[in-house]
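So for the sequence shown, numbering that gives the first Met the number 0 puts the first residue at 0; every next one is plus one. Note that the Cβ used here is the ideal one computed from N, Cα and C, for glycine as well. Structure record follows, encoded as structure tokens.
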Amino acid sequence: MRTREHASRYGLGKRRWVAVLAAAGFLAPALVAVDWTSPPAHAVENDRVAGQWNMNGERDGIDGTVPESRWLTQIRRMLNDDGVQVASLQEAGNGPPPSSHQSERVFPQPGVTEHLYNIGTNSRPDIVNIYWADPGQQRNGLAIASRETARDAVQLPVGGRFNSRPMMGVQFGETWYFNAHALSNGPTAPNDAEDIIETARQFMARYHPGQDWVVLADFNRSPGRMPANLQNHIVASNQPTHQGGGELDFAYMQNENNSTVNAVRGGTNSDHTAYVRYLPNPYCGGGSPLRRRAEEEKKDDHSDSVKPENPGTGGADAGPHGTAPSPGTGAGAAPSAPDGDARATGVGEDAAPTGNGARGTDTAPSGAGTGAGATDSDARGADTAEAGKKELERRADSMDPEEQCHTPVPGDTYRIFPHHLDNAVLADEYPEGNAAPPTVKKPSGSDTEKVQVLFSTRPGEYLLAFDDGWCLTRYAGPSNAVTEIPCDPQTAVPTSAHWKFLKGQIVTPDLGGTLQPSPNELGAPLKTETGLYQWRFEPVR
């Protein structure tokens, strides 16, 4: 567990903070000149609230002729209603709000100016600082707003092969907040998003080693197209943040990730149609929760620490519902839907593999015994699939913070153990060691047992990549079998290779099925069934 001293030094995630990326507005009263006194710098380090929003210019109205309107409505609400203490703003117009007043302060490095702005009224003034940087492009100003007075501020050129806009950074207490607007080169083309992160990293390593830092940016790129080695520091809402459906606005945190900080999306009136609140998770302190859970379970001889709801009886050989598996059947598995994943059809990027380039065939791989529900009628299978989907949706709605803390972290590598089968691990080889479609086998510590979790290009969906670069995927057609395809997270990957995590389960994006061996025994093929089946993710050191 981090000490108090350590936590204050690395305060961003362990402080009790909520990062809010914007808020839909209400009309504020007109602002008038008042006593322009800079607000005091007294924010408590571990309570500071951060936020970010792409304003799409400072003006509102159909023709964009209402001056300062977004400063008067959205920013006021961010700082007042949502309690934001550091608001990082992109496309903030051509300059600070016209009614603001520039202070006489000059920072050691040129490029950032300090302005005082009243978001209150004449009788009840509410003065905030606006730190402004001009990147040299119309409407694309960068700003950071706060009631706290900054210790320092810089404008930094972004290195790399692109003609990047400059970025800015402001220091509050012992933490640096960087603001940037990456180039928009199209949904699949590379841009300078990773150059922005590297620029911040080098600046901190050279001038402020040991201090905490975060980049709150419009990256113009989904987390799924970021390099794998950066993904375990990305905190994203897992929902679209732009009207085009992309998740372009997220945070890169030096010491946190998408598991230790929870992100919740809201709405705005910009083309970036979302704000996101990053909520602290009190269950996630003191090292990796997944690692702690794995160590606790090892002490208990691999007994389950996440028990199925209504587990019933059973023991070491219990199936997903706590009942002992019958010979030759999937333990506790409900009949599968006849069409498997509803989205596992079509052509192009969204098409599921049909055997060409995938391991296996378009039929369920053979295994010992018969898969659960293999002889049920289509009607019964459809009814069961719908019931299973509703149950998964119910569990998703009841997700508690402690369980969210144990969600696998994109960018990290794991060994994945089934809760409902002793001495077994997910791998892409048969128990005898021969290369094969994915299955479960006895753990041996081989590289075939390593699985890296990655963001996909769809918000809230993930890839499961084996060490050889092949990803778990679902077949098209009537089979609900699972196989592998080659995958690169920075190129088009079929949505049939996308998965979600839900209370220890690996589920299809439509919540129509859960990943599990069928039957529930070593060497059995993997399928997507509707019965509850949980997995334990153990981080690979």
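Judged by DSSP in its simplified three-state form, F161 adopts coil rather than helix or strand. Selection A86, S445, S98 and A496 evaluated against L462 yields A496 as nearest (Cα-Cα). For the 8 Å CB-CB criterion, I143 and V127 do not form a contact. Close CB contacts of G410 within its chain, under the 6 Å cut and outside five residues either way in sequence, are with A227, Q230 and N231 (chain order). In the assembly as shown, V85 is a buried residue. Its beta-carbon has 16 or more other beta-carbons within 10 Å. Bounds of the beta strand (DSSP E) holding L215 are D211 to D217. Under a 10 Å Cβ-count criterion, Y116 is classified as buried, with 16 or more other Cβ atoms of the shown protein chains found around its own Cβ.
Around the beta carbon of N121, a 10 Å sphere encloses fewer than 16 other beta carbons of the protein chains shown; the residue is thus reported as exposed.
Contact check for R224 against L247 fails: the beta carbons are separated by 8 Å or more.
Each of P485, Q89 and D211 was checked against the Cα of D217, and the nearest Cα belongs to Q89.
Leaving aside the five residues that flank N184 on each side, the residues in its chain whose CB is nearer than 6 Å to its CB run, in chain order, N190. Only residues of its own chain outside the window of five on either side were considered, and among them P458 and G459 have a CB closer than 6 Å to the CB of N237, listed in chain order. If you look at Y532, you'll find it isn't in any beta strand (DSSP E); DSSP assigns it neither H nor E. Assigned with DSSP and collapsed to three states, N178 falls in strand. DSSP, read as helix, strand or coil, puts T507 in coil.
DSSP places T482 inside the beta strand (DSSP E), whose first and last residues are V481 to P485. Boundaries of the beta strand (DSSP E) around N117: V111 to N117. The criterion of a C-beta distance shorter than 8 Å is satisfied by G468 and P485. A distance of 8 Å or more separates the beta carbons of F416 and E520. Across the set H114, F454, F500 and M252, the C-alpha of H114 shows the shortest separation from the C-alpha of A149. When the Cα atoms are used, S99 and G158 turn out to be separated by approximately 32 Å. For T490, there is no enclosing beta strand (DSSP E), since its DSSP letter is neither H nor E. As computed with DSSP, D151 is found in a beta bridge with Q170. Per DSSP, reduced to three states, the secondary structure at Q230 is helical. In this structure, DSSP gives G468 a state outside helix and strand, which the three-state scheme calls coil.
The beta carbons of F465 and T482 sit no closer together than 8 Å. Comparing alpha carbon positions, the residue from A152, T174 and T490 closest to T112 is A152.
The three-state secondary structure of S145, taken from DSSP, is strand.
According to the DSSP secondary-structure assignment, L514 is paired through a beta bridge with T527. Annotation for E428: the continuous beta strand (DSSP E) segment containing it runs V424 to E428.
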